[in-house]
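In UniProt numbering, the protein residues as written are 1 to 486.
Think of the CB as a built atom: it goes at the ideal place given N, C-alpha and C, for glycine as much as any other residue.
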């Protein structure tokens, strides 16, 4: 039966009304109220006859005594402190990831419900697979060379807490040996398939893909067959504009699910030249086609390395702007700039307040954009300070545990939407949101943050630490939290 739901302020003023069935869950009512009534005044919390409600998750309205024709709730607002919570230990080291030798990166996807990470692993042809290669070594058979490579892609929105679960859930993408020497990268996940960059073999570098892009192909997990989505030689407009010397390097998916590519011209050795090109993508998965109807030259647009996910902070909720950051050596301030997708390629440098929280042996290498408010979140990593106190016999976990203190702090810089684009953050401050005890890597360039990005489905910051742990910081609390004292 239907119940008329009224949400009223303590003063009696009506804030919201709607109807629900008495068999629906109370948590659905809560979620509806949170989505509609969350504001800078705080998070909404419901009272029934003056008492707070904390029922089991699947309790129905009827089971709580909320019956037709009407249920009246009182609304109060609270500002709980944001807390970065460890969701699980990912155990990805069992699948070829190493905090120093692998590059952990987020893979953009047109699936808004997924958050993909990726790393690359190598194995011998004699082993036949990564685990076959490991078994040979365990049996003291040492095959020469690691001639095959594959990329491991994992959806972290699933609960993956053990190596066995990761092995079952990971998607593996392998390319033929001719292309492997040039390091093809998974540019994006499209319909459960990897969009991969096939480049020419004209270059000499084995660390990065060399030469212009020949094809963009879709590859099924665990299969070698490729579906060609785009051929350079068949794109007459791009061939005319770049004389066949364009290399695709990165793909980005905005919050409104539009896709953009970033590339650069290549020189006669196959290496990328200065300057970038941003291209708007038209994607048709049904017909298996990808095209680039519009492009523009930009001075900078994210990192060159295909193995790096650092440098991209995110996009606004309407997909009008892509935000990138660039780190500098020493303790200099980061540079942040936005690239317009409306006037494609228009670049604006973002002025920031002076970094006033940089400490000795600390560093700030990660910036994440909240698409809903366009606030910026800075992750200040001071693991190097901890590692300098460790002895050679201490493990990374032992150092972190012995010190008992945080290894990372999260700061928020408010966006002023009424200011001109480049000055929206200039008059703000760095608000301390929380401290986090991330595991560190105790090598000479010690760090605790291996990856940080925004997860739109969970509405949170996702942080992977150097100990393979996945952390989540819900922005629902962080957006309205008053800054903590240092």
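Query raised in the report: Using a Cβ-Cβ cut-off of 7 Å (strictly less than) and excluding sequence neighbours within five positions of residue 348, which residues of its own chain qualify?
Result: As a position in the chain shown, residue 348 is number 348, starting the count at 1. Excluding the 5 residues flanking it on each side, residue 348 has same chain C-beta neighbours closer than 7 Å at 337, 338, 421 and 422, in chain order.
Report task. May I ask you to list the residues that DSSP assigns as paired with residue 167? Result -> The residue you call residue 167 lines up with position 167 of the chain shown. Per DSSP, none; premise fails for residue 167.
Query raised in the report: Taking Cβ positions, are residue 219 and residue 250 nearer each other than 9 Å?
Result: If you number the chain shown from 1, residue 219 lands on position 219. If you number the chain shown from 1, residue 250 lands on position 250. No, the pair does not count as a contact, with Cβ atoms beyond the cut-off.
Query raised in the report: When the Cα of residue 288 is compared with those of 319, 131, 231 and 312, which residue comes out closest?
Result: Residue mapping note: residue 288 aligns to position 288 of the chain shown, counting from 1. With distances taken between Cα atoms, residue 288 lies closest to 231.
Query - Whole runs of the beta strand (DSSP E) within the UniProt domain "Ubiquitin-like" (3 to 81), excluding any shorter than 3 residues - result: List check, beta strand (DSSP E) in window: 14 to 21, 43 to 48 and 70 to 78.
Query raised in the report: Is DSSP giving residue 191 helix, strand or coil here?
Result: Position 191 of the chain shown holds residue 191. DSSP places residue 191 in coil when its eight states are reduced to three.
Query raised in the report: For residue 89, which three-state DSSP category applies?
Result: Taking the first residue of the chain shown as position 1, residue 89 is located at position 89. In the structure shown, residue 89 falls within a strand segment according to DSSP collapsed to helix, strand and coil.
Query raised in the report: Mind checking whether the beta-carbon of residue 232 lies closer than 8 Å to any heavy atom of the ligand GTP?
Result: The model on display carries no ligand, and the ligand GTP is accordingly not part of it.
**Report entry** Own chain, CB closer than 6 Å to residue 22, minus 5 neighbours either side, in chain order
**Finding:** For this step, residue 22 is matched to residue 22 along the chain shown. Excluding sequence neighbours, residue 22 sits near 1, 3, 61 and 62.
Report task. Measure the alpha-carbon distance for residue 293 versus residue 259 and round it to whole angstroms. Result -> As a working mapping, residue 293 is identified with position 293 in the chain shown. As a working mapping, residue 259 is identified with position 259 in the chain shown. C-alpha of residue 293 to C-alpha of residue 259: approximately 12 Å in a straight line.
Requested in this report: May I ask you to report which of helix, strand or coil DSSP gives residue 261?
Outcome: Mapped onto the chain shown, residue 261 falls at position 261. Residue 261: strand per DSSP, three-state reduction.
Query raised in the report: residue 263: buried (16+ other C-beta within 10 angstroms of its C-beta) or exposed?
Result: Walking along the chain shown from the start, residue 263 turns up at place 263. Buried, since its Cβ has 16 or more Cβ neighbours within 10 Å.
**Report entry** N-terminal and C-terminal residue of the beta strand (DSSP E) that residue 248 is part of
**Finding:** Here the question's residue 248 lines up with position 248 in the chain shown. In the DSSP assignment, residue 248 falls within the beta strand (DSSP E) that extends over 246 to 253.
Query raised in the report: Of all the options 302, 256, 257 and 93, which has the alpha carbon lying nearest to the alpha carbon of residue 276?
Result: For the purposes of this step, residue 276 is taken as residue 276 along the chain shown, with counting starting at 1. The shortest C-alpha separation from residue 276 is found at 302.
Query raised in the report: Taking Cβ to Cβ, would you say residue 367 is nearer than 9 Å to residue 378?
Result: Within the chain shown, residue 367 is the residue found at index 367, counting from 1. Within the chain shown, residue 378 is the residue found at index 378, counting from 1. Cβ distance < 9 Å, so residue 367 and residue 378 count as in contact.
Query - Contact the stretch 472 to 486 vs the stretch 66 to 86: 3+ CB pairs below 8 Å - result: Yes, they touch.
Requested in this report: Could you check the C-alpha separation between residue 203 and residue 106 for me, to the nearest Å?
Outcome: In the chain shown, counting from the first residue as 1, residue 203 sits at position 203. In the chain shown, counting from the first residue as 1, residue 106 sits at position 106. Summary for residue 203: the model assigns pLDDT 42, below 50, so the residue's position carries little reliability; its value from the coordinates is reported in the next sentence. Spanning the alpha carbons of residue 203 and residue 106 requires a straight line of approximately 26 Å.
Report task. Please classify residue 278: does DSSP put it in a helix, a strand, or coil? Result -> Reading the chain shown from its first residue, position 278 is the one you call residue 278. Residue 278 falls in the strand class under three-state DSSP.
Requested in this report: Leaving out five residues on either side along the sequence, give the residues of the same chain with a beta carbon under 6 Å from the beta carbon of residue 68.
Outcome: Along the chain shown, one-based indexing puts residue 68 at 68. Once the five neighbours on either side are set aside, the close Cβ partners of residue 68 are 1 and 3.
Query raised in the report: Looking at the unbroken beta strand (DSSP E) that takes in residue 155, where does it start and where does it end?
Result: Taking the first residue of the chain shown as position 1, residue 155 is located at position 155. For residue 155, the uninterrupted beta strand (DSSP E) run begins and ends at 148 to 155, by DSSP.
Query - Distance between residue 416 and residue 487 (C-alpha atoms, nearest Å) - result: With the chain represented from 1 up to 486, any question about residue 487 goes unanswered, as that position is not in the structure.
Query raised in the report: Cβ atoms of residue 212 and residue 127: under 9 Å apart, would you say?
Result: In the chain shown, the residue the question calls residue 127 occupies position 127. In the chain shown, the residue the question calls residue 212 occupies position 212. Contact: no.
**Report entry** Three-way DSSP call (helix, strand, coil) for residue 138 in this model
**Finding:** Here residue 138 refers to the residue found at position 138 of the chain shown. Three-state result, residue 138: helix.
Query raised in the report: How big is the Cα-Cα spacing for residue 426 and residue 413?
Result: The residue labelled residue 426 in the question sits at position 426 within the chain shown. The residue labelled residue 413 in the question sits at position 413 within the chain shown. Residue 426 and residue 413: Cα-Cα distance of roughly 9 Å.
Requested in this report: Measuring alpha carbon to alpha carbon, tell me which of 449, 434, 284 and 433 ends up nearest residue 440.
Outcome: As a position in the chain shown, residue 440 is number 440, starting the count at 1. Checked all of 449, 434, 284 and 433; the closest Cα to residue 440 is 449.
Query - Cβ neighbours of residue 345 in the same chain (closer than 6 Å, five flanking residues each side left out) - result: Your numbering for residue 345 matches position 345 in the chain shown. Contacts found: 278, 296 and 298.
Query raised in the report: With 16 as the cutoff for other CB atoms within 10 Å, does residue 268 come out buried or exposed?
Result: Walking along the chain shown from the start, residue 268 turns up at place 268. Exposed, since its Cβ has fewer than 16 Cβ neighbours within 10 Å.
Query - Bridge-paired residues (DSSP) for residue 173 - result: As a position in the chain shown, residue 173 is number 173, starting the count at 1. The partner list for residue 173 (beta bridge, DSSP) reads 151.
Query - residue 96 burial status per 10 Å Cβ neighbour count (16 or more: buried) - result: On the chain shown, residue 96 is found 96 positions in, with the first residue counted as 1. So residue 96 ends up on the buried side.
Query raised in the report: Among the residues of its own chain, which have a CB less than 8 Å from the CB of residue 166, if the five just before and after it don't count?
Result: Start at 1 with the first residue of the chain shown, and residue 166 comes out as number 166. Cβ neighbours of residue 166 within its own chain (closer than 8 Å, five residues either side excluded): 90, 91, 92, 94, 95, 154 and 160.
Query raised in the report: Measuring CA to CA, which of 454, 461, 46 and 409 is closest to residue 484?
Result: Within the chain shown, numbered from 1, the residue matching residue 484 stands at position 484. Closest by alpha carbon: 409.
Report task. Could you check if residue 182 is buried or exposed, using at least 16 other CB atoms within 10 Å of its CB as the buried criterion? Result -> Numbered from its first residue, the chain shown carries residue 182 at position 182. Reliability fails at residue 182, whose pLDDT of 41 lies under 50, so the model's placement of it is uncertain and the value that follows must be treated cautiously. Around the beta-carbon of residue 182, 16 or more other beta-carbon atoms lie within 10 Å, marking it buried.
Query - Local conformation of residue 475 per DSSP, three classes - result: Here residue 475 corresponds to residue number 475 of the chain shown, with the count starting at 1. Reduced to three states, the DSSP call for residue 475 is helix.
Report task. Might you give, ordered along the chain, the residues of its own chain that have their beta carbon closer than 8 Å to the beta carbon of residue 102, omitting 5 neighbours on each side? Result -> Numbered from its first residue, the chain shown carries residue 102 at position 102. Around residue 102: 96, 119, 120 and 121.
Report task. Could you check the C-alpha separation between residue 158 and residue 433 for me, to the nearest Å? Result -> On the chain shown, residue 158 is found 158 positions in, with the first residue counted as 1. On the chain shown, residue 433 is found 433 positions in, with the first residue counted as 1. Rounded to the nearest angstrom, the two C-alpha atoms are 27 Å apart.
Query - Extent of the continuous beta strand (DSSP E) to which residue 229 belongs - result: Translated into the one-based positions of the chain shown, residue 229 becomes position 229. Here the beta strand (DSSP E) through residue 229 covers 226 to 231.
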